[in-house]
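What follows is a set of notes on a single structure, which appears directly below.
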Amino acid sequence: MSSKPNVAKSAIKHLFVALAMFGFGFALVPLYDVFCEITGLNGKVTGTVEKVDYTVDTSRTVTVQLLASKNAEMPWRFMALQEQIDLHPGEWKQIGFWASNTTASDMVSQAVPSITPARAAEYVQKTECFCFQQQPLAAGESKQMNMVFTISPELPEDIQTVSMVYTLFDATEFADPEKVAKLN
Amino acid sequence: MTTTTAAHDDHGHHGPAKGIMRWVLTTNHKDIGTMYLWFSFIMLLTGGVMALIIRAELFQPGMQLIEPEFFNQMTTMHGLIMVFGAIMPAFVGLANWMVPMMVGAPDMALPRMNNLSFWILPFAFGMLLLTLFSEAGAPNFGWTFYAPLSTTYAPSSVTYFIFGVHLMGISSIMGAINIVATILNMRAPGMTYMKMPLFVWTWFITAYLLIAVMPVLAGVVTMMLMDIHFGTSFFNAAGGGDPVLFQHLFWFFGHPEVYIMILPAFGIVSHIIPTFSRKPLFGYSSMVYATASIAFLSFIVWAHHMFTVGLPLVTELFFMYATMVIAIPTGVKVFNWVSTMFQGSLTFETPMLFAIAFVILFTIGGFSGLMLAIAPADFQYHDTYFVVAHFHYVLVPGALFAIIAGVYFWLPKWCGNYYDEFLGKLHFWLSFIGVNITFFPMHFIGLAGMPRRIPDYALQFADFNAVASVGAFIFGFSQLLFLYIVIKTIRSGKQATPEVWEGADGLEWTLPSPAPYHSFSEPPQVK
Amino acid sequence: MKIRTWLSLSSIALLLSLSSLAKAEWGVNMTEGVTEISQSIYDLHMLIFWICVAIGVVVFGVMFYVMFKHRKSKGAVAAQFDESVTLEWLWTVIPTIILIAMAVPATKTLVEMYDASDAQVDIKITGYQWKWQYDYLGEDVSFFSNLSTSRDAVYNKEEKGENYLLEVDKEVVIPTGQKVRFLITSNDVIHAWWVPEFAVKKDAIPGYVNESWVNVPVGQEGIYRGQCAELCGVDHGFMPIVVRAVSQADYATWLDEQRAEKEAAALAALGDYSFDELMTTGAEVYAGRCAACHGQNGEGMGSMFPPMVGSDIVLNDVEKHIDILINGVAGSAMQSFAEQLTDVEIAAVITYERNAWGNDTGDIVTPRDIIDARQ
Chain A
47 MSSKPNVAKS
57 AIKHLFVALA
67 MFGFGFALVP
77 LYDVFCEITG
87 LNGKVTGTVE
97 KVDYTVDTSR
107 TVTVQLLASK
117 NAEMPWRFMA
127 LQEQIDLHPG
137 EWKQIGFWAS
147 NTTASDMVSQ
157 AVPSITPARA
167 AEYVQKTECF
177 CFQQQPLAAG
187 ESKQMNMVFT
197 ISPELPEDIQ
207 TVSMVYTLFD
217 ATEFADPEKV
227 AKLN
Chain B
87 MTTTTAAHDD
97 HGHHGPAKGI
107 MRWVLTTNHK
117 DIGTMYLWFS
127 FIMLLTGGVM
137 ALIIRAELFQ
147 PGMQLIEPEF
157 FNQMTTMHGL
167 IMVFGAIMPA
177 FVGLANWMVP
187 MMVGAPDMAL
197 PRMNNLSFWI
207 LPFAFGMLLL
217 TLFSEAGAPN
227 FGWTFYAPLS
237 TTYAPSSVTY
247 FIFGVHLMGI
257 SSIMGAINIV
267 ATILNMRAPG
277 MTYMKMPLFV
287 WTWFITAYLL
297 IAVMPVLAGV
307 VTMMLMDIHF
317 GTSFFNAAGG
327 GDPVLFQHLF
337 WFFGHPEVYI
347 MILPAFGIVS
357 HIIPTFSRKP
367 LFGYSSMVYA
377 TASIAFLSFI
387 VWAHHMFTVG
397 LPLVTELFFM
407 YATMVIAIPT
417 GVKVFNWVST
427 MFQGSLTFET
437 PMLFAIAFVI
447 LFTIGGFSGL
457 MLAIAPADFQ
467 YHDTYFVVAH
477 FHYVLVPGAL
487 FAIIAGVYFW
497 LPKWCGNYYD
507 EFLGKLHFWL
517 SFIGVNITFF
527 PMHFIGLAGM
537 PRRIPDYALQ
547 FADFNAVASV
557 GAFIFGFSQL
567 LFLYIVIKTI
577 RSGKQATPEV
587 WEGADGLEWT
597 LPSPAPYHSF
607 SEPPQVK
Chain C
234 MKIRTWLSLS
244 SIALLLSLSS
254 LAKAEWGVNM
264 TEGVTEISQS
274 IYDLHMLIFW
284 ICVAIGVVVF
294 GVMFYVMFKH
304 RKSKGAVAAQ
314 FDESVTLEWL
324 WTVIPTIILI
334 AMAVPATKTL
344 VEMYDASDAQ
354 VDIKITGYQW
364 KWQYDYLGED
374 VSFFSNLSTS
384 RDAVYNKEEK
394 GENYLLEVDK
404 EVVIPTGQKV
414 RFLITSNDVI
424 HAWWVPEFAV
434 KKDAIPGYVN
444 ESWVNVPVGQ
454 EGIYRGQCAE
464 LCGVDHGFMP
474 IVVRAVSQAD
484 YATWLDEQRA
494 EKEAAALAAL
504 GDYSFDELMT
514 TGAEVYAGRC
524 AACHGQNGEG
534 MGSMFPPMVG
544 SDIVLNDVEK
554 HIDILINGVA
564 GSAMQSFAEQ
574 LTDVEIAAVI
584 TYERNAWGND
594 TGDIVTPRDI
604 IDARQ
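Here is the structure:
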C-alpha cells in the first residue's frame, strides 16, 4: 500500500532511469559507428590500416570507379584524376584527386568517403587517404591529393564494380586554427 | 469542467480553492486532468486549423492561398502540435482523472510534480507557436526534422523549437514517473497486477516507454542544438558527423512514440467494449501480454521508417521481419475485442460507437501498416500519401476516437450529468463520415504516386485531393459540436447514477457521480 | 440502424472495387511499372492487399454479425465466458503462418532489388535544392535538370499543361535493354530520387552514395516521370524527374549529340555577342533560374533573397557580381552556377540584371569575361 518513502523511492529510481536513457542517447553515437563498421552501412571505411601483403588474385579484375562530389557550401574545384581503374584484388594502387581553392580566402576541406555497394566497404583497405585528415588550401592554391588502397582478395566474386565517392565539405569552421594559420 | 464538480461537492472543507489560483496552484488529480484535457482540446483545434489551411491549399492544383514556405511551416507545426500537444496530453489528462480512481487511490502519488508537469506545457507550446510570428518563420522541416534540413539549413526559430521539445519532454517524463509511482505504490489492497484494469495496465507500459524514449529525443535535440550553436558535428558530415545517424536516433524515439500514442487507446477501448456488451473482457491476460510485447517490439523496428536510406540488405530484412511480427500481438487484441462483443448484449451509446469505429478503422490502419512493413513494397509507398493515410488512420480514428470515446464514457462520472445522447450520436456520425472521406482517398493518391509534404501536385491527383479537403472540413467543424456537447453536459443534463452505465465494472464506478474532489480517502478492498 | 448498414456495405464495396478500378485510368492503385522489379513489387502489393481484405472480411464480418444479432434491443442476453485457450492459440498461429507466407516472396524481391552488379551504364545522380544533376560516368556528359513548368502556371495565371509539375528542361536519357545503375547522392540536404514506374526510390544523402538500378525492357521506350520524395525545403514539390528511355542506338546518338553540344557551347563562348543578344538570352535565363527567389522583376523575396533592383553589387561591382554567379555565396541559398550555366548564359544573365528594371548601367559582360573569371 501507499507510503510516502516508497513513492519517493520509485520517483527517484525512475528519474535515474530517464537520466540514464538521456545518456544512452549519446552513447548511441559511438555505438552507431561500431554498427557501421560491422555492417559497412553506407560504405564508411575508418582509419588507416597496416599494409598487408596479399597474394594478388590475378584471376579476376575489379573495376573501381572514383567519383568526386562537392557539398553545396564548397566552392573549390575537385575532380578525380582517373575516373576509373582496374585492379586485381590484393594489388595496391595509388590514385589521385585534384583540388583547387578558387576563392580569395584560405580554406580547409574535409573529404567524406562513401563506398557502394556497401557490402564491398569492409574489403577496401587504405593505408593513406586524403580523407583521413582535413586538407587546407590557401586562396588560389591547387594540389593533388592521394589515396593508396587495395581491395582484399576475399571480396565476394559477384562484386565486379566498386564505386568510391569522395564528397568535399567546407570544414574551415571545424579546423584547427593553427593549421589554417600555417597556410600563410 | 470541474466547476460543477465543486458545486456538487459535499466534502466542502476538502473542496477546491476559489478563483484562478485554484487552477494555478492545484495539486488535485482531477483539476490537473481537466486542465490537461482542455489544453489538448485547444491544441487539437489549433493543429486542426493548420490542417484545414493545408487541405484548403491542396483543394485544387496550383498555389492559391499560401506560399510553399508557409505550407511547410503548417505541415511541421500541425504534426508537432497534434502529436505532442493534442494526443499525448489528452492521454495524460485521462490518466490523471482515471488512474487514481481505478486503483482506489485518493490522488496521484506526486501531486506537486503533477502540477508542474502540466504548467510546463502552455509555455512550451506558446513558445513554439510564437515562432510563427517571427521574421524567420516557424520550423519548416517537418515534424521528423531530419538533419541537415533542420540543422545547417534551418530557420533561426529552430532554437525555440529545440527548447520547446525539451520542455515537452520534461513534462512527459514527469507525467510518466508520476503515473508509474501511483500504480506501483497506491493500489488498493488486494489489487494485484493481474487484477489492474486494462487502462491502468496500458498506461503503466506506456509510462515506461515514455521514460525510456523521451530522454533519447531530448538527447537528439540537444545534439542538434550543439551542432547549430556550439560547433560540434554530430550530424554534419563536414566535421565527421553523419546525417543518417540522426534518423536512427530519431526513430529509436519515434517508433516507441507511435505506441505511446496508441497503447492507452487500447486500454480505453478495452473498458468501453465490455461495458456496452455487458460481458467481461475476453482474454484479459493475453491483452496484457500483447501490450507488453508490442511495447518490447517497438524498440527493435525503428529502421522500417528508413527502408530507402540505403541500409544493408541484412539490416533491411531484419527490420522487415521484426515489423511484421508486431501484427501478431496487435491481431490478438482485435480478435479479443470482437470476441468480447460476441454473444454479448449490445447497446450502441456514443462511447460504444466510437469504440467500434476505433476497432474497424484502426484495423484498416493496421492493414496498411502491414503493407508498409513489406520492405520491397515500401520502396513504392515510402514518403507518399499512402503513408499519410496510414498514420492518420491509426492516429485520428485510432488514438483520437479512443480519446473522444473515453471522454463520453467518463464524462458523466466527472461532472455528474449525462451528455445529450442524440447530439453525441450526431457528433459520431459526422466524425466517422468526415474522417473516412478525408483519409480514405489518401490511400489512392499515395498509391498513384503523390509524394507527401508537397504544396502543389500534378493534375492526376486533383479529384481525390478535392474529396479529401471536403472531408477535412466536415471532420474539422464537427469537433465544434463536441465542444458544445461537453459544455452543455457540464452545465446541465440528466443526473448520472454512480454506476453510470448498466454494464460498468470497476472501482471508479463505485464512487458517486460526480466523483468527489478526493477520490478514495479510505482504500477500498479488492476481492 | 439503417445508415450503419449502408455505410458498412458501401465501404466494403469500396475496398472490393479497388482492384477493378486499378485497371481503369483512375489513379487509385500502385503502378505495375515497366520493369521486372516493379512488376514483382506490384504483385507483392496486391498479394498483401488481398490477404488484408480477406482478414478484414472475416473479422469485420463477425463484428457486423454480432452487432446485428447480439444486440440488447433484440433481447440478447450476455454470455459470461471470457477466455478460450484454443481460440487464442489459433489466432496466434494462423497469422504467424500468413506472415511467413508473405515474408518469403518479399525477401526474394528485396534480394533482387539489392543486386546492382553487372551494370552497363552508370549514372551519378546528385540532388540539389531543387534540381537534379546527372553525370554519365566515363562518357563526359553531365547536366542539370530543372522544373520547366512556369511560375505563372503554378500561380494559376496561365493554363496548366498535361504534365504540370512533372516536366523538366532536360530529361535524363537511358538505354532500354541494359542495366543502368544509379549512384545517388546529394549536394545539400536529403532528397529522394523516385520514379514509380521503375520502382526505384532511394534517398540522396550528402556525403553518402546509394545505389539503385533499372533495366527497362526493349519495347518499353518512352517517358517516365517521378518526383523528389523527401522533404528538402521550400521547393520540395517542384523538383520532378523525367526519364526518357530510348533504344541503344538512339542512346549512342544522344551521347554524341551531348558531347557535340558541349563543344559548341565552348566555341560559342569565344564568339562576339551584341547587347541585344545578351539581353534576350539573359531574360530567358533569369526567368528560368533566378526569378523563383529574386522575383519576376528583380524585387527579391523576404530577408533571404536580396533584390536585384538598385542593388549596390548590380549597379557598381561587376567583379563581385560575376564572382557570386560563379562561386555562390557561402552560408546562403545562393549556389554556384559555374557548372549549371554556360559561359554565354552567365554573361547574358549578368548583363540582363545590370540593365533590366531601370538598372540601366549600360554594362556589357561578355562570355570572355566569364572565361577569364573562371581561371
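Here the protein sequences come in this chain order: A, B and C. In the working numbering, each residue carries its 1-based index in the first sequence increased by 46. In the working numbering, each residue carries its 1-based index in the second sequence increased by 86. In the working numbering, each residue carries its 1-based index in the third sequence increased by 233. Backbone N, C-alpha and C define an ideal beta-carbon position, used for all residues, glycine too. This structure is a prediction, so every number in the text was calculated from the model and none was measured.
Residue i beta carbon near the ligand HEM (any heavy atom closer than 7 Å)
i      : result
B:G276 : Of the ligands one can find in the structure shown there are none, so the ligand HEM has no counterpart to examine.
8 Å Cβ cutoff met for residue i and residue j
i      : j      : result
C:P473 : B:G535 : no
C:N443 : C:G360 : no
B:G165 : B:G562 : no
B:D469 : C:E532 : no
B:S356 : B:L349 : no
B:S220 : B:A176 : no
A:A29  : B:A324 : With chain A running from 47 to 230 in the structure shown, residue 29 of chain A is simply not present.
B:M251 : B:V302 : Met is not the amino acid found at residue 251 of chain B; the sequence shown has Val there. Taking 8 Å as the Cβ cut-off, B:V251 and B:V302 do not qualify as a contacting pair.
B:A224 : B:T230 : no
B:A443 : B:F525 : no
Three-state secondary structure (DSSP) of residue i
i      : result
C:E532 : coil
C:V678 : In the structure as shown, chain C starts at 234 and stops at 608, and residue 678 of chain C therefore has no counterpart that could be examined.
A:D103 : coil
B:W205 : helix
A:F195 : strand
C:S375 : strand
C:P600 : helix
Buried versus exposed call for residue i [16 or more other C-beta atoms within 10 Å across all chains shown]
i      : result
B:H315 : exposed
C:L574 : buried
C:V337 : exposed
B:D464 : buried
C:A287 : exposed
C:S445 : buried
B:M280 : exposed
C:K256 : The predicted position of C:K256 is uncertain, since its pLDDT is 40 and thus under 50; a value taken from the coordinates is nonetheless stated next. Per the 10 Å Cβ criterion, exposed.
C:K357 : buried
A:Q140 : exposed
B:G147 : Residue identity differs from the one stated: residue 147 of chain B is Pro in this sequence, not Gly. Buried: at least 16 other Cβ atoms inside 10 Å.
B:W587 : buried
B:Y375 : exposed
Cα-Cα separation between residue i and residue j, rounded to whole angstroms
i      : j      : result
A:Q190 : C:F415 : 28 Å
A:Q179 : C:V413 : 34 Å
B:P186 : C:G535 : 53 Å
B:A491 : B:I414 : 25 Å
B:A554 : B:M149 : 17 Å
B:D193 : B:I152 : 48 Å
B:A304 : B:G255 : 7 Å
C:T599 : C:L558 : 14 Å
C:E258 : C:A386 : With a pLDDT of 46 at C:E258, under the threshold of 50, the modelled position of that residue is not reliable, and no figure is offered here.
Under 7 Å by beta carbon: chain D residues contacting residue i
i      : result
C:Q460 : The structure shown contains no chain D; the protein chains it does contain are A, B and C.
Short CB-CB distance (under 8 Å) between residue i and chain C
i      : result
B:Q429 : yes
A:V108 : no
Cutoff 8 Å: residue i Cβ touching any chain A Cβ
i      : result
C:S350 : yes
B:S236 : no
B:S319 : yes
Chain B contact for residue i (CB, 8 Å cutoff)
i      : result
A:E200 : no
A:S151 : no
A:F68  : yes
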